[in-house]
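*Asks:* Positions 78 to 570 (our numbering) are the ones given, in order, by the sequence shown. Here's a structure for you.
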Amino acid sequence: MSEHVEVPVYALGQPSKRTGLGGLSLKTTIVGGLGFLIFLVCQMAGMQKLGFLVVLPITIVVALLVSVNFAGRSVAQTVQMTVQDMRRRSKGEHIYVAGPTSRVPGGRYRLPGTLARTELLGSVDALDNEFGVIYDKPRREATVLFDCQMSGQTAMTQEERNDMTANWGRWLAGLSLSGDVVSAVTVINNRPGTGDLVAKEVAATVKDDAPWIARQIQFEAAQELSYGTPELEAHIAVTFKVNVSSGDDISFLDFLGTRLPALYEDLAWAGIQASPMDEAMVCARAHKFFNPASESDFEELMVSGVDHSLEWEDVGPAWHQTDRTMYHHDNCSSVTWEMSSAPRSTFEDTLLSGLVASHPRIQRKRVALCYRPYEAGTGASRVEAEHRDAMVAANSSKKIRSAAAEMRLEHTDAARVAQARGAQLGRYSLFVTATAAEGELLERVRHDVQQLGAQANLRLRPMKTQQDAGFIASCGLGQIPWSKESTSSLASA
78 MSEHVEVPVY
88 ALGQPSKRTG
98 LGGLSLKTTI
108 VGGLGFLIFL
118 VCQMAGMQKL
128 GFLVVLPITI
138 VVALLVSVNF
148 AGRSVAQTVQ
158 MTVQDMRRRS
168 KGEHIYVAGP
178 TSRVPGGRYR
188 LPGTLARTEL
198 LGSVDALDNE
208 FGVIYDKPRR
218 EATVLFDCQM
228 SGQTAMTQEE
238 RNDMTANWGR
248 WLAGLSLSGD
258 VVSAVTVINN
268 RPGTGDLVAK
278 EVAATVKDDA
288 PWIARQIQFE
298 AAQELSYGTP
308 ELEAHIAVTF
318 KVNVSSGDDI
328 SFLDFLGTRL
338 PALYEDLAWA
348 GIQASPMDEA
358 MVCARAHKFF
368 NPASESDFEE
378 LMVSGVDHSL
388 EWEDVGPAWH
398 QTDRTMYHHD
408 NCSSVTWEMS
418 SAPRSTFEDT
428 LLSGLVASHP
438 RIQRKRVALC
448 YRPYEAGTGA
458 SRVEAEHRDA
468 MVAANSSKKI
478 RSAAAEMRLE
488 HTDAARVAQA
498 RGAQLGRYSL
508 FVTATAAEGE
518 LLERVRHDVQ
528 QLGAQANLRL
538 RPMKTQQDAG
548 FIASCGLGQI
558 PWSKESTSSL
568 ASA
């Protein structure tokens with residue numbers, strides 16, 4: 078009689094926040110305290126009218142702007158982003174044109190946005206595998222991509238699934254120990270297949286001396302069943318903070334070469350067969366995101382074993398235009414959503430299966446799960462600070478505790494226990510991008526993506542006024558929005 082293996086459940090905790098007086102946020106408390114001090118100064122100076130008619134109204138308005146938020150953003154942050162978008166459109170910066178007749182240096186087809194300043198370097202790791210590095214010189218950040226073969230849908234026992242999930246958590250926790258990992262972005266991309274890869278696989282497995290009818294059946298079945306069948310491409314982008322002596326110093330490539338094998342080999346314990354992507358693979362992956370029409374060309378070249386000879390300076394789109402709720406690029410339109418609310422309750426390891434799987438009405442869909450680790454020492458202090466704030470919020474009133482305050486206290490207490498057992502602290506974010514050809518029913522795609530997010534207990538929000546930035550973030554090419562915020566830290570929720 079086989080033993081019953083329990084299906085574990087997981088939790089992400091709650092968003093980080095600081096609690097001030099009376100259960101209010103820390104920012105609201107600071108704004109109110111400063112306003113009250115200025116009001117007292119006005120009273121003592123004999124300027125009562127100024128205090129009542131100017132200081133108090135301004136304090137109340139500012140407190141509301143920084144405290145009231147919708148889906149994770151304060152009113153002040155939303156207003157600031159709207160003004161920035163209007164200013165960008167007035168200057169025509171929402172339209173990008175590349176190529177020989179453009180203003181791009183050298184007439185190249187460079188990637189737009191924050192990717193325009195990056196360059197692609199190449200090296201060989203300790204196991205003699207070539208790898209490409211997307212180097213952001215101004216920020217001293219280097220991103221390495223691992224091509225991944227997922228085994229999540231393979232038939233396995235629940236015990237094996239539990240072990241793989243635990244090993245994935247250990248791999249993520251290990252990123253905090255070195256202190257130089259900025260982010261790890263896992264990208265799962267679904268696109269229509271051409272059948273060339275399946276035909277190549279069949280040709281490699283069918284023997285030449287097999288009966289003619291058997292070989293013909295195999296080839297025709299592969300051609301019939303694979304055409305239009307969704308292809309899944311996945312990669313993990315790990316971004317490191319590197320130390321260089323000058324702008325032209327690339328000695329960090331040797332350091333990465335000795336570090337990478339341990340990273341992508343350990344992924345095998347999590348059910349992921351990973352290998353570093355060389356410069357040609359990185360260029361092809363990036364160009365296919367911006368120009369989906371080239372997917373069949375790259376697949377044909379790969380099957381034929383021919384190098385595409387595309388350089389990093391030419392992998393961008395010929396043009397793009399950013400609308401408020403849509404991103405147009407090379408005869409395609411894309412919409413990107415961000416996770417505004419993570420699952421508050423517990424969930425199983427199959428939570429995102431429906432979201433990342435192919436969908437019959439969405440030809441091209443990309444899901445990017447971003448993990449930003451805290452350093453080991455920083456994470457411990459943040460967990461303790463969160464627990465103290467949760468205790469203050471739970472005991473700040475003589476009334477009965479709210480359910481939210483009790484849940485927050487339980488989550489922070491569980492985080493302290495988990496960290497004492499070796500766990501590490503990090504931040505999760507998720508982006509979903511759906512791409513369709515011009516003229517297709519994007520409204521139907523929007524509805525389908527929203528439903529997939531709801532089934533995964535996620536609240537997805539369209540990235541209004543920043544569709545281009547969201548598209549780049551979901552590509553998993555080393556560019557994440559949090560390190561390049563254009564809004565004030567005071568305005569953030």
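A virtual CB, placed ideally from N, CA and C, is assigned to each residue, including glycine.
Can you check the stretch 256-342 for any beta strand (DSSP E) of at least 3 residues that lies completely inside it and give the ranges in chain order?
*Replies:* Taking only runs of at least 3 residues, the beta strand (DSSP E) segments lying wholly in the stretch 256-342 are 258-269, 307-318.
*Asks:* Going by DSSP in three states, THR455 sits in which element: helix, strand or coil?
*Replies:* It is helical.
*Asks:* Could you pull out every residue in the same chain whose Cβ sits closer than 6 Å to the Cβ of LEU428, ignoring the five residues on either side in sequence?
*Replies:* Cβ within range, chain order: ALA533.
*Asks:* Between the beta-carbon of LEU537 and the beta-carbon of GLY530, is there less than 8 Å?
*Replies:* Cβ distance < 8 Å, so LEU537 and GLY530 count as in contact.
*Asks:* Give me the residue from GLU372, GLU390, ILE137, GLN293 with the minimum Cα distance to GLY270.
*Replies:* Nearest of GLU372, GLU390, ILE137, GLN293 to GLY270, Cα basis: GLU372.
*Asks:* If CYS225 and HIS364 are in contact, beta carbons under 8 Å, what's the gap, nearest whole angstrom?
*Replies:* Not a contact, Cβ separation roughly 19 Å.
*Asks:* Within this structure, are the beta carbons of ARG185 and GLU390 separated by less than 8 Å?
*Replies:* Taking 8 Å as the Cβ cut-off, ARG185 and GLU390 qualify as a contacting pair.
*Asks:* If you check the beta carbons only, do ASN408 and ALA482 fall under 8 Å apart?
*Replies:* No, they are not a contact pair.
*Asks:* If I measure Cβ to Cβ from PHE36 and keep anything under 8 Å in the same chain, skipping five residues before and after, which residues do I get?
*Replies:* Beyond the ends of the chain as shown, which are 78 and 570, falls residue 36; an answer cannot be given.
*Asks:* For HIS397, count the other beta carbons within 10 Å of its own beta carbon; 16 or more makes it buried, fewer makes it exposed. Which is it?
*Replies:* Buried, since its Cβ has 16 or more Cβ neighbours within 10 Å.
*Asks:* Just how far apart, CA to CA, sit GLY251 and GLY183?
*Replies:* Spanning the two alpha carbons is a distance of roughly 42 Å.
*Asks:* Grouping DSSP H, G and I as helix and E and B as strand, with all else coil, what is GLN398?
*Replies:* Looking at GLN398 - three-state DSSP - the assignment turns out to be strand.
*Asks:* Give me the Cβ distance between GLY149 and ALA492, rounded to the nearest whole Å; I'm assuming they're in contact under 8 Å.
*Replies:* Not really, about 20 Å apart at Cβ, beyond 8 Å.
*Asks:* Compute the Euclidean distance between the alpha carbons of MET78 and GLU236, then round it to the nearest angstrom.
*Replies:* At MET78, the pLDDT of 43 sits below 50, so the modelled position is not reliable; the number obtained from the coordinates is stated separately. Those two C-alpha atoms are separated by around 16 Å.
*Asks:* So, VAL145 versus VAL108, is the Cβ gap smaller than 8 Å?
*Replies:* No.
*Asks:* If you scan the stretch 179-227 from start to end, which runs of the beta strand (DSSP E) of 3 or more residues do you find wholly inside it?
*Replies:* Taking only runs of at least 3 residues, the beta strand (DSSP E) segments lying wholly in the stretch 179-227 are 195-201, 207-213, 218-227.
*Asks:* If I measure Cβ to Cβ from PRO307 and keep anything under 6 Å in the same chain, skipping five residues before and after, which residues do I get?
*Replies:* For PRO307, where only same-chain residues beyond five positions count, the Cβ hits under 6 Å are ASN267, SER435.
*Asks:* Kindly list the residues whose CB is nearer than 8 Å to the CB of GLY553, restricted to its own chain and excluding five residues on each side of it in sequence; keep chain order.
*Replies:* Excluding positions up to five away in sequence, the list reads LEU222, VAL262, THR263, VAL264, HIS312, ILE313, ALA314, ALA445.
*Asks:* Determine, using beta carbons only, whether PHE508 and ALA470 come nearer to each other than 8 Å.
*Replies:* Result no, Cβ atoms of PHE508 and ALA470 do not sit closer than 8 Å.
*Asks:* Under a Cβ-count criterion, where at least 16 other Cβ atoms within 10 Å of its own Cβ denotes burial, should TRP289 be classed as buried or exposed?
*Replies:* Result: exposed.
*Asks:* Count the other CB atoms within 10 Å of the CB of ASN320; is the residue buried (16 or more) or exposed (fewer)?
*Replies:* The residue is exposed, with fewer than 16 neighbouring Cβ atoms inside 10 Å.
*Asks:* Distance check for SER410 and ALA361, CA to CA, integer angstroms please.
*Replies:* In a straight line, the C-alpha of ALA361 is about 20 Å away from that of SER410.
*Asks:* With which residues is GLN350 paired in a DSSP beta bridge?
*Replies:* For GLN350, which the question treats as bridged, DSSP gives the partners GLN226.
*Asks:* Per DSSP, PHE424 forms a beta bridge with which residues?
*Replies:* According to DSSP, PHE424 bridges with TYR87.
*Asks:* Could you round the C-beta distance between MET416 and LEU249 to whole angstroms and report it? I think they count as a contact, below 8 Å.
*Replies:* Rounded, the Cβ-Cβ distance is 17 Å, inconsistent with contact.
*Asks:* Is the number of C-beta pairs between the stretch 347-362 and the stretch 240-247 that are closer than 8 Å three or more?
*Replies:* Because the criterion of three Cβ pairs below 8 Å is met, the stretch 347-362 and the stretch 240-247 touch.
*Asks:* Classify LYS284: buried if its beta carbon has 16 or more other beta carbons within 10 angstroms, exposed otherwise.
*Replies:* Looking at its Cβ environment, which holds fewer than 16 other Cβ atoms inside 10 Å, LYS284 is exposed.
*Asks:* Kindly give me the distance between the Cβ atoms of LEU502 and TYR451, rounded to whole angstroms, as I take these residues to be in contact under 8 Å.
*Replies:* The pair is a contact, with the Cβ atoms about 5 Å apart (cut-off 8 Å).
*Asks:* So, using beta-carbon positions, are GLY209 and LEU197 closer together than 8 Å?
*Replies:* Closer than 8 Å, so yes.
*Asks:* Quick one: is LYS168 buried, meaning 16 or more other Cβ sit within 10 Å of its Cβ, or exposed?
*Replies:* Its Cβ having fewer than 16 others within 10 Å, LYS168 is exposed.
*Asks:* Please give the ranges of any alpha helix (DSSP H) in the stretch 109-140, keeping only runs that are unbroken, at least 4 residues long and fully inside the region.
*Replies:* The stretch 109-140 contains no whole alpha helix (DSSP H) run of 4 or more residues.
*Asks:* When you compare the CB positions of LEU101 and PHE116, do they come within less than 8 Å of one another, or not?
*Replies:* Cβ atoms of LEU101 and PHE116: not closer than 8 Å.
*Asks:* Helix, strand or coil for PRO450? Go by DSSP, reduced to three states.
*Replies:* Strand at PRO450.
*Asks:* Find the nearest neighbour of SER151 within the set ASP162, ILE172, VAL138, judged by alpha-carbon distance.
*Replies:* That would be VAL138, whose Cα lies nearest to the Cα of SER151.
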